[in-house]
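Worksheet for the structure shown next.
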Amino acid sequence: MAGISARTSAIRFRLFGIASKARWDLLRADLYNSDYLVGYRDENWHEQMGKLSAGEGMRYAYDPISESNTVHRKSSTLALNDCMTTVTSPAGGALASDGMSIEQI
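Take the sequence shown: its letters are residues -8 to 96, numbered as in our numbering.
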């Protein structure tokens, strides 16, 4: 959906993705249209995102499969007062939200 929105919107925005390097070709294709990709196995992927955004941070982040410490790492990529959506379960171990301003639904 984000890739289609990026192509059809009058507002220009960039799509950043965190994924397995094996999926990068698919994510660069027309359906997803990602502008920047980093490997999710890279220990410093959150720092790479900061550099790719020229220090601006992400306006919105969506993660359908949060695990371990990815919630905190993802929140560190956000611009001030912007949003993220995380889908997780207690089994994924990503529910710790210490030091984060969150609204759980």
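Just so it is clear, CB atoms sit at the ideal spot from N, CA and C, and this is done for glycine as well.
Residues in the same chain with beta-carbon distance under 7 Å from residue i, minus the five sequence neighbours each way, listed in chain order, please.
i          : result
residue 9  : 29, 31 and 36
residue 18 : 8, 10, 25 and 28
residue 52 : 65, 68, 69 and 75
For residue i, which residues does DSSP report across the bridge?
i          : result
residue 9  : 29
residue 54 : 77
residue 40 : Paired residues: none, contrary to the question.
residue 69 : 49
Once you ignore the five residues that flank residue i on each side, which residues in its own chain have a CB closer than 6 Å to its CB?
i          : result
residue 67 : 37
residue 54 : 65 and 77
Taking just the CA atoms, how far does residue j sit from residue i?
i          : j          : result
residue 34 : residue 48 : 18 Å
residue 39 : residue 0  : 26 Å
residue 62 : residue 50 : 15 Å
residue 60 : residue 2  : 32 Å
residue 20 : residue 42 : 23 Å
For residue i, I'd like the list of residues in its chain whose CB is within less than 8 Å of its CB, leaving aside the five on either flank, ordered along the chain.
i          : result
residue 71 : 48
residue 46 : none
Pair every Cβ in the stretch 6 to 23 with every Cβ in the stretch 71 to 78, then say whether three or more of these pairs are closer than 8 Å. Too few Cβ pairs lie closer than 8 Å, so no.
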